[in-house]
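Here the protein sequences line up with chains A and B, keeping their order. In this text, residue positions in the first sequence follow my numbering: the first is 1, and each later residue adds one. In this text, residue positions in the second sequence follow my numbering: the first is 1001, and each later residue adds one. Here a beta-carbon is modelled for each residue, glycine too, at the ideal position from N, C-alpha and C.
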Amino acid sequence: MKINALLEKLLSRAILTLFLIYTLFPMLWLVMASLKTNVELLGDPFRLPAPPQFGNYVNAFKSAHLALLFSNSVLISFSATALNALVASMAAYVLSRYKFKFGPVIFSTLITGILVPVSALMVPYFTLIRTLGLYDTKLALILTYTAISLPLSVFIIKGFMDSIPGELEEAALLDGCDFYQKFFRVIVPISRTGIVTAATFQFLSSWNEFLYAMLLTSSEQVRTLQMGIRYFASQFTTDFTSMFAAIVISIIPSVAMYSVFQNQIISGLTQGSVKG
Amino acid sequence: MQRTTHFRTGAILFLLPALLLFTAFFLYPVGYVVVVSLMKWDGMSSPGFVGLRNYSVLFHDEVFRISIRNNLVWACAEALIQVPLAILVALLLARKPKGWKLLRTIYFFPHVISGIAITMLWVAIYNNERGLLNGFLRLIGLSEWEHNWLGGLSSAFPSVLVYGLLYIGYFMVIILADISSVSQSYYEAASIDGATRTQQDWHITLPLIRGTIATCVTLAMVNGLRQFEQVLLLTGGGPANSSSVLVLYIYKELQNFHYGTANALGTVLIVLGGLVILTVRRLFNAAKYDM
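Below is the structure:
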């Protein structure tokens, strides 16, 4: 019995450690590779860089217009996140607090959008964006990203708003708040957790999105960082180390966002699983 | 009286943007995909109605068959390998071994980073001459196992598919959260009856988190149907289309201005997604009545 327990503990540790190595090793190697010379990297890929080549990062910025792509990504992701949070929380507010005939139908239609494989909708998105005259603009990506995550955001935010007691609103009404004041001054501040959760997911998915960034844009002036990495890969196949530097740069914002909002992400996933 | 109309205007105004975006990016596109899938259209000249011809062309098309097969293999692999691994790791972490919170954080990492970044990493790992994998095999004296992983007809698709299956953090977090919501009193009672931790996991935890497992299986399978970036960057669908998947095929058909077939493929993808959701729901509900 004792031996069994010990074996079980060892086995469990072994499994957890294997997954840890599998998750971490490639990333540590990536950072290490981004600090090597190409000769070092190809000669002995597992040795530590000596000395670290921070010049790779400078090269990455110079040769792939990384600064431009980075600022495009920031602008597009933040705009889509802000717009998504606003539109979703307005809709979630009405669907959560007002009982009207079509409310439940509208809500359930909206959230079936979570399960639609949006990559199947390439052709209509492409023609829609072209018809609107938005092809190859940042606005095309901002609108698309805002819309794609809308069902998930409404679902998360409505979940939080549903738990706000009605008395708070009645008090606000007695204080003479109109509809808009009630929303912006009472409901939004209280639902902050839900809104931030949805916004974190939205930011990460916009920052990392690839298919529509490729499909709906064509010029470097509007393209995102993800496209930069792709082109880096095809154009600079000999300069691996700069490509790795570019990848490291591209993941820093996501990792930072995750570190700050880790608990939000985890609680958001939990909320989502309750209903499923 | 005046106040209620005022509030009604507000409610409509607040719903409007979401409904507009939803109509433009979900309702209209889904309808469009289905309707245009019945047409022959290059995107410029006027479209002609051809009924189900695009579909019958697809069913005799080798690339379509390979793509469907690969997508189904992918969906099943996620459900049968990734989800069980996530459950296993979640059960282990639920025992709160030292450092479990840190492990939970680290396991989730790959889901924060873009698919492009991870995939480019694996481009470097699988690379034939200078790749990390072949280098590692040489290092430990297994050079006869060296292989052109992404270039081989039989190894390309498995190589594209397999590495993502071991990134289990996303489902692990969902499952772990559900496990921690199970009431402790069940476990206390079971301990008094002399049940071991493993028995408790098997007879108490697993049945109670069945709903969450169903959610994860659905998400995993739909995920397997949506795959694209990994394939595009690692093999581009090659060699000889052996690693092609539906979304990549849609993308290629769109670029060739075959809007009809591209949308027939889109319709197939949407229908497959719907079937997965219904099947998983039915399976897990049936299991509930059996018990």
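- By the 16-neighbour rule on beta-carbons within 10 angstroms, B/Asp1201 is buried.
- Residue pairing by DSSP puts B/Met1039 in a beta bridge opposite B/Phe1049.
- The beta carbon of A/Thr144 is closer than 6 Å to those of Tyr212 in its chain, skipping five residues each way along the sequence.
- The beta carbons of B/Phe1026 and A/Gly103 sit no closer together than 8 Å.
- Of all alpha-carbon atoms in A/Lys62, A/Pro253, A/Arg130, the one lying nearest the alpha-carbon of A/Asp239 is that of A/Lys62.
- Pairing A/Ser119 with A/Trp207 gives a Cβ-Cβ distance that is not under 8 Å.
- With the criterion set as a beta carbon lying under 8 Å from some beta carbon of chain B, the members of the stretch 20-34 of chain A are Leu20, Tyr22, Thr23, Leu24, Pro26, Met27, Trp29, Leu30, Ala33, in sequence order.
- Contact between A/Gly194 and A/Met161 holds: their C-beta atoms lie close to 7 Å from each other, under 8 Å.
- Interface with chain A (8 Å Cβ-Cβ cutoff): B/Pro1158 is excluded.
- Judged by their CB atoms, B/Phe1228 and B/Leu1248 are nearer to each other than the 8 Å cut-off.
- With the criterion set as a beta carbon lying under 7 Å from some beta carbon of chain A, the members of the stretch 1241-1273 of chain B are Val1247, Ile1250, Tyr1251, Leu1254, Tyr1259, Ala1262, Asn1263, Gly1266, Leu1269, Ile1270, Gly1273, in sequence order.
- Looking from the CA of A/Leu204, the closest CA among B/Asn1241, B/Val1245, B/Phe1109, B/Val1276 belongs to B/Phe1109.
- Around the beta carbon of B/Cys1216, 16 or more other beta carbons sit within 10 angstroms, so the residue counts as buried.
- Between the beta-carbon of B/Arg1095 and that of B/Arg1197 there is about 7 Å, and that keeps the pair under the 8 Å contact cut.
- By the Cβ neighbour-count rule, A/Pro151 is buried, with 16 or more other Cβ atoms within 10 Å of its own.
- Counting the other CB atoms within 10 Å of its CB gives B/Met1044 a total below 16, which places it among the exposed residues.
- A direct Cα-to-Cα measurement between B/Met1172 and B/Val1089 gives close to 7 Å.
- The alpha carbon of A/Thr241 has as its nearest neighbour, out of A/Val39, A/Asn4, A/Ser12, the alpha carbon of A/Val39.
- Against chain A, the beta carbon of B/Glu1229 has neighbours under 8 Å at Phe210, Leu211, listed in chain order.
- Interface residue (Cβ-Cβ distance to chain A less than 8 Å): B/Val1034 is not classified as such.
- A/Pro124 sits in a helix when the DSSP states are folded into three classes.
- For A/Ile3, no chain B residue has a Cβ inside 8 Å of its Cβ, as the nearest lies near 13 Å away.
- In the three-state reduction of the DSSP assignment, A/Phe46 falls in the coil class, being assigned neither a helical nor a strand state.
- Residues of chain A with a Cβ closer than 7 Å to the Cβ of B/Arg1069 do not exist; the shortest Cβ-Cβ separation is about 18 Å.
- Between the stretch 243-261 of chain A and the stretch 93-103 of chain A, the count of Cβ pairs shorter than 8 Å is below three; the stretches do not touch.
- Going by beta carbons, B/Leu1254 and A/Val123 fall inside the 8 Å limit.
- Look at B/Asn1127 here: in three-state DSSP terms it is coil, with no helix or strand label.
- Annotation: the continuous alpha helix (DSSP H) that includes A/Thr200 extends over 192-208.
- Distances from the CA of B/Trp1122 to each of B/Val1033, B/Asn1285, B/Val1083, B/Gly1164 were compared; the closest alpha carbon is that of B/Gly1164.
- Sequence-distant partners of B/Asn1071 (beyond 5 residues in either direction) whose C-beta falls short of 6 Å from its own C-beta, in its chain, are Leu1225, Val1245, Leu1246.
- Per DSSP, the unbroken alpha helix (DSSP H) holding A/Ile106 starts and ends at 103-112.
- Not one beta carbon of chain B lies nearer than 8 Å to the beta carbon of A/Arg185.
- Remark: C-beta atoms of A/Ile251 and B/Ser1114 approach each other more closely than 8 Å.
- Within its own chain, the residues whose Cβ lies closer than 8 Å to the Cβ of A/Phe183, once the five positions on either side in sequence are excluded, are Met90, Tyr93, listed in chain order.
- DSSP, reduced to helix, strand and coil, places A/Met27 within a helical segment of the structure shown.
- With a threshold of 8 Å between beta carbons, A/Val74 makes no contact with chain B.
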